[in-house]
């Protein structure tokens, strides 16, 4: 099992303190986010360590990890690009936006470029259906109305940023 550092355990404990003592498993999402921030992804060993710290079954932590798109279960590129392909976005070219990004970067959905810069993933609803197609960059920045031209501009900008 993965050994959590003292600072990681302290961060976990600050999250656990927000809940009643008998409900410390409620901090599971925050603990997953902490591990991902520190390691870039949530490994099975990290899930086991979180489960042990929170006193819950490891499968329960795994269920949360696999349910939400924001938790990376493997290493991802410097730029994680989630393109919404849920039905409302698909009807407004979300699936075409995903295909365009994948072709431009030479990867399949869920793939990472050989240089490790980009990981491209389809996404469930991002809550901006009227702005389709939409995408989320690094689980932080939502971008709307992503035409092929805007996608090309974004990729060029991200590539330039990485090269700087």
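In my numbering, the protein residues as written are 40 to 203.
Glycine included, every Cβ here is placed at the ideal spot set by N, Cα and C.
Keep in mind the model is a prediction, meaning the values are calculated, not measured.
Check your understanding: In the DSSP assignment, what residue or residues form a beta bridge with residue 121?
Key -> Locating residue 121 in the chain shown gives position 82, where the first residue counts as 1. According to DSSP, which records beta bridges pairwise, residue 121 is partnered with 160, 175.
Review point. Just the Cα atoms here: how many angstroms apart are residue 191 and residue 161?
Key: Start at 1 with the first residue of the chain shown, and residue 191 comes out as number 152. Start at 1 with the first residue of the chain shown, and residue 161 comes out as number 122. Each residue's alpha carbon lies about 17 Å from the other.
Exercise for review: Check whether the segment 70-90 touches the segment 122-137, taking contact to mean three or more Cβ pairs, one atom from each stretch, closer than 8 Å.
Suggested key: no
Check your understanding: So, residue 76 versus residue 86, is the Cβ gap smaller than 8 Å?
Key -> In the chain shown, the residue the question calls residue 76 occupies position 37. In the chain shown, the residue the question calls residue 86 occupies position 47. Their beta carbons are not under 8 Å apart, which means residue 76 does not touch residue 86 by this criterion.
**Study point:** At least 3 beta-carbon pairs within less than 8 Å: the segment 179-198 vs the segment 139-148
**Key:** yes
Check your understanding: CA-CA distance, residue 174 and residue 120?
Key -> Within the chain shown, residue 174 is the residue found at index 135, counting from 1. Within the chain shown, residue 120 is the residue found at index 81, counting from 1. So the alpha carbons of these two residues sit roughly 7 Å apart.
Exercise for review: For residue 205, I'd like the list of residues in its chain whose CB is within less than 8 Å of its CB, leaving aside the five on either flank, ordered along the chain.
Suggested key: In the structure displayed, the chain extends from 40 to 203; residue 205 sits before or after that span and is not available.
Exercise for review: State the start and end residues of the unbroken alpha helix (DSSP H) segment that holds residue 93.
Suggested key: Position 54 of the chain shown holds residue 93. 83-93 is the span of the alpha helix (DSSP H), which, as asked, contains residue 93.
Check your understanding: With distances taken from CA atoms, which of 70, 98, 149, 197 is nearest residue 108?
Key -> On the chain shown, residue 108 is found 69 positions in, with the first residue counted as 1. It is 149 whose Cα lies nearest to the Cα of residue 108.
Point to revise | One or two residues paired with residue 151 in a DSSP bridge | key: Along the chain shown, read from residue 1 onward, the residue named residue 151 stands at position 112. Residue 151 pairs with 158.
Review point. Comparing alpha-carbon positions, which option in 67, 43, 41, 157 lies nearest residue 116?
Key: Numbered from its first residue, the chain shown carries residue 116 at position 77. Looking at the Cα atoms, 157 is the closest of the given residues.
Review point. Of the residues 93, 124, 94, 89, which one's Cα is nearest the Cα of residue 42?
Key: Taking the first residue of the chain shown as position 1, residue 42 is located at position 3. Among 93, 124, 94, 89, the Cα nearest to that of residue 42 is on 89.
Practice item. Give the straight-line distance between the Cα atoms of residue 110 and residue 67, rounded to the nearest whole angstrom. Key: The residue labelled residue 110 in the question sits at position 71 within the chain shown. The residue labelled residue 67 in the question sits at position 28 within the chain shown. Taking the straight line joining both Cα atoms gives about 12 Å.
Review point. To the nearest angstrom, how far is it from the Cα of residue 97 to the Cα of residue 91?
Key: Counting from one through the chain shown, the residue named residue 97 turns up at place 58. Counting from one through the chain shown, the residue named residue 91 turns up at place 52. In a straight line, the C-alpha of residue 97 is about 8 Å away from that of residue 91.
Practice item. Excluding the 5 residues preceding and the 5 following residue 179 in the sequence, name in chain order all residues of the same chain whose CB lies nearer than 7 Å to its CB. Key: Position 140 of the chain shown, counting from 1, holds the residue named residue 179. Taken in chain order, the list of residues that qualify is empty.
Point to revise | Start and end residues, beta strand (DSSP E) containing residue 206 | key: Lying outside 40 to 203, the shown extent of the chain, residue 206 is not represented and no answer is given.
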